[in-house]
Every structure is written in structure tokens, then in C-alpha cells.
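*Asks:*
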Amino acid sequence: MNLQEAVPEARKLIPGLKFTTAAFERRDQFDAWCDFTSSMCDLEAIESPKAGFVASAESYYLGSLQLTSFKLSPMRFKYTNDIIRKASIDHWCISVVTKGTAAAATDDRGFRAMAGDTVLHSYARPFEGRMEVTDYSGLFLSRDEFWDVADQLDNAAHQQVRGPMSYILGDFIASLEQRASKLTVSEGKAVNDAFGHLLRAMVRQTPGSMEAARAPIAAAQFERARRYINAHLKSPGLTPDMICRNVGLSRRQLYYLFEQYGGVATYIRNRRLAATYNVLIKSVQKRQISQVAYEYGFSSLSSFSRQFHARYGFAPGEARAAWLADGKSCMREAGIFVDWLQLSEDS
């Protein structure tokens, strides 16, 4: 294959597979899901299958990794020795629960996970469990790719993953789940490398493995902090100390992550300004500028107006007046496009 042929190949989107029981009659939904997952486990519906069984799976192939996101109705499941022999699957799966609860156990260990928890399964040994109305995303790992940490992963399997690295891995998987459908083949390979560094850093905890994982760890930590900030823009107590305490970072780590944005205080201020801008130009009801400013943590209207003007090149009242007059905002500063993109990400 020459270079001209290789470049388009790298730009192709990663392969994906979607399945949902929504396309079936209610009475047939559970059977359809059982057929879809027959090579993975034996299932038993907790509620009457005749009432329907809402479930879906969305899977993306990343090379040595496969990301699958599940939305499930209540059920019991068994992964048996017979299935192991027939399917010849010996992967690990590290998952983050995003809704509901999931419980699983082997003959000597088990877990009960809730939203936000990260867990590890091994498909090399039997297990069984139960799920309520549960959403979760999991990365299936090939033993051939992670042979060098096989003992550590097997020892940690069928348990909740704990410690600071568990949050980083969980954030990585959650972020990947949101973006997987748009990843190219070349980007998928980069995800493989980044996840490999993260996983080995978690199980080995050696200086070399931690150094190799430094960049993906920082990216996952920033994503966690960014989400926390965006969720608490209206909180008057949104300070570096509050972020560190709730995200699990030291002040030094936090300042390092936001250094390229002019510091964490500058980042918070700009996100709050972007939020007020969005409210002022889009609000159906005519709201007082002072009310919007105070709602997003600005304690002084005059200070807010100065900062808004410095950021966008016009006063808060001008932005709203132009929007209400003809449906157009006064966006004319380069920095505003970044704010617009960030607002789109948060919506």
C-alpha cells in the first residue's frame, strides 16, 4: 500500500456496531437480547419478559481494545464454564457504571457497583450477578496485548477498582464513550496507546510506568476538573480548594493542569463569562443583567461589566440588545468562538 492509499485509510472512522431491542415487539425484546448476547452469558429477566425488555449496545473496535456501552433493563446473568469453552473468550473488561447498580461475584470475590464506580471482570473464569436499570461502558482488553500485566489484572478481577487511578480510568472511559463515534482509525490507535499507559501505571505503580502515563493521566484529570467546574459555575464557593477537595487533586496538580489557560481562576472566570453571554443572548425572557451576573458568581456588577467588555469587546447590554433587535449577536472577537465551542460541548 502506498502513502496516498494509506492516508485515507487512517482517516476512516473506526468500525462500530449498534443493537437495540426497540425495533422488536415488547414480547420479543428479551429473546432478541438473549440472541444478541448468547455467546457472552445466560440471562434471566427479573420482570416478566412479556412486559418488554429495553436494552441496547453500542460497540466500537479500537484495535486491541473494544469499547461497548450498554443500557439494560433489570436482569440476572451467568457466565459459565460451558460458555468459556464455546466462546473461547479470555478478555478482561474494565467498566464504569453511569446509572443504576450492578453486582457480580465468583466463588471467592465480588462487588456491588453504583454510578461512578469502576470495576474489572475477567472472562477467563465463571461469574454471575444481577443488574437493575443500569447503564455502563466497558473496555474489553485482549490478553495478547496486555500479557505483561496479566497476573496483576487477574488478581484484581471481579472487584471494584479503587484508588486515585480508578477515577482517572473511569473518566477516560466515560470521555471515550462520548467521542468514540467520531474517532478515526489513526485516533483509535492513539487511544490504544494512551489507555495502555494508564492501565499499566495503575497496576504497576512504578516510576517508569507512571512517567509513560503522565500525558494521558493529565488529560483525564483535566477532563474531570473541567466537568466539575462546568457543573458548579453558579456556586459562589467554586474555588481552587473546592475543586481539589472534590476532584482529588493537589493545588500543585490543579495549577499545572490549567497553566496553559492562564490559571484555574482565569479559566473559571472565562467559563462564567461564556455562560452569562449565552444566557443574555438566548434567554426567552428579558432578564436583568445584574441577576444573570450574580447567578453565575459575580459579586459586583461593575466588575462583571468590565470583565465582560474586556473579554468580548462590548458591554453586556449591547449583546442582548443586538440579539433582541435582529437575532444577531455582536460576536466579533476571536476568543468568543472558543467560548461558543465550549458551550456546545457542555450542552
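Numbering-wise, my numbering comes out as the position in the sequence shown, counting from 1, plus 139. Glycine included, every Cβ here is placed at the ideal spot set by N, Cα and C.
Apart from the five residues just before and just after residue 150, which ones in its own chain have a Cβ nearer than 8 Å to its Cβ?
*Replies:* Only 323, 324, 325 meet the Cβ criterion.
*Asks:* Just to confirm my understanding: we take residue 268, look at its own chain, exclude 5 residues before and 5 after, and list those with CB closer than 8 Å. What are they?
*Replies:* Correct list, in chain order: 215, 216, 241, 242, 243, 244, 249.
*Asks:* With a Cβ-Cβ cutoff of 7 Å, do residue 201 and residue 327 count as a contact?
*Replies:* Contact: yes.
*Asks:* Does the separation of the CB atoms of residue 362 and residue 314 fall below 7 Å?
*Replies:* In this structure, residue 314 lies closer than 7 Å to residue 362 by Cβ.
*Asks:* Within this structure, are the beta carbons of residue 409 and residue 204 separated by less than 7 Å?
*Replies:* No, Cβ-Cβ distance for residue 409 and residue 204 is not below 7 Å.
*Asks:* For residue 536, I'd like the list of residues in its chain whose CB is within less than 7 Å of its CB, leaving aside the five on either flank, ordered along the chain.
*Replies:* No information on residue 536 is available, as it lies outside the stretch 140 to 486 that the chain covers here.
*Asks:* State yes or no: is the C-beta of residue 376 within less than 7 Å of the C-beta of residue 411?
*Replies:* Result no, Cβ atoms of residue 376 and residue 411 do not sit closer than 7 Å.
*Asks:* Going by the DSSP bridge assignment, what does residue 232 pair with across the sheet?
*Replies:* Residue 232 pairs with 260, 279.
*Asks:* Would DSSP call residue 293 helix, strand or coil?
*Replies:* If DSSP states are grouped into helix, strand and coil, residue 293 belongs with the helices.
*Asks:* Can you list, in chain order, the residues of its chain whose CB lies under 7 Å from that of residue 431, leaving out five sequence neighbours each side?
*Replies:* Result list for residue 431: 415, 418, 419, in chain order.
*Asks:* Short of 6 Å in beta carbon distance, which residues of its chain neighbour residue 219, apart from the five on each side in sequence? Order them along the chain.
*Replies:* Closer than 6 Å at Cβ, skipping near neighbours: 265.
*Asks:* Go ahead and pull the three-state DSSP assignment for residue 454.
*Replies:* Residue state, collapsed to three classes: coil.
*Asks:* For the pair the stretch 221 to 240 and the stretch 276 to 285, tell me if three or more CB-CB distances fall below 8 Å.
*Replies:* These segments touch.
*Asks:* Inspect the beta-carbon positions of residue 195 and residue 210 and report whether they are closer than 7 Å.
*Replies:* Cβ distance < 7 Å, so residue 195 and residue 210 count as in contact.
*Asks:* By a C-beta neighbour count over all protein chains shown, 10 Å radius and 16 as the cutoff for buried, is residue 475 buried or exposed?
*Replies:* Per-residue confidence for residue 475 stands at a pLDDT of 43, beneath the threshold of 50, marking its modelled position as unreliable; no derived number is given.
*Asks:* Roughly how far, in whole angstroms, is the beta-carbon of residue 262 from the beta-carbon of residue 236, given that I think they are within contact range, below 8 Å?
*Replies:* Incorrect: roughly 18 Å between the Cβ atoms, too far for contact.
*Asks:* Closest by CA to residue 154, which one among 292, 198, 272?
*Replies:* Checking every option, the nearest Cα to that of residue 154 belongs to 198.
*Asks:* Can you give me the C-alpha to C-alpha distance between residue 188 and residue 164, rounded to a whole angstrom?
*Replies:* Going by the C-alpha atoms only, they are around 11 Å apart.
*Asks:* Output the boundary residues of the beta strand (DSSP E) element that contains residue 204.
*Replies:* Run containing residue 204: 204 to 211, per the beta strand (DSSP E) assignment.
*Asks:* Looking at the structure shown, is residue 426 part of a helix, part of a strand, or coil, going by DSSP?
*Replies:* Looking at residue 426 - three-state DSSP - the assignment turns out to be coil, as it is neither helix nor strand.
*Asks:* When burial is assigned at 16 or more other CB atoms within 10 Å of the CB, is residue 342 buried or exposed?
*Replies:* Buried, because 16 or more other Cβ atoms sit within 10 Å of the Cβ of residue 342.
*Asks:* Distance check for residue 447 and residue 372, CA to CA, integer angstroms please.
*Replies:* Looking at the two C-alpha atoms, the distance is approximately 16 Å.
*Asks:* With a cut-off of 8 Å on the beta carbons, I'd call residue 300 and residue 308 a contact; round off their distance for me.
*Replies:* Right, the Cβ-Cβ distance comes to about 7 Å (below 8 Å), so this counts as a contact.
*Asks:* Does the Cβ-Cβ distance between residue 184 and residue 169 come in under 7 Å?
*Replies:* Closer than 7 Å, so yes.
*Asks:* Give the secondary structure of residue 162 by DSSP, where H, G and I count as helix, E and B as strand, and everything else as coil.
*Replies:* Residue 162: helix per DSSP, three-state reduction.
*Asks:* With distances taken between CB atoms, is the gap from residue 259 to residue 289 smaller than 7 Å?
*Replies:* No, they are not a contact pair.
*Asks:* Closer than 8 Å by C-beta to residue 287: which residues in its own chain qualify, once you throw out the five before and the five after it? Chain order, please.
*Replies:* Here the set comprises 339.
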